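Numbering of the sequence shown is given in the numbering used here, commencing with residue 17 and proceeding in unit increments. Working notes for the structure below.
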Amino acid sequence: KSFASVLEKAGSHCKLILYEGKTHTDLFLQ
């Protein structure tokens, strides 16, 4: 359970970085 929790947090953290990066790129392209 603890290991799965860590993976879940890491996954959501990566998604947040990718989302922010995509948003920044989209704003830059506009």
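Beta carbons: idealized from backbone N, C-alpha and C, even for Gly. Small disclaimer: the values here were computed from a predicted structure and weren't measured.
Straight across, the Cα-Cα distance linking residue 39 with residue 45 is about 10 Å.
If you draw a straight line from the Cα of residue 23 to the Cα of residue 31, it comes to about 12 Å. Excluding sequence positions up to five before and after residue 17, its CB lies less than 8 Å from no other CB in the same chain.
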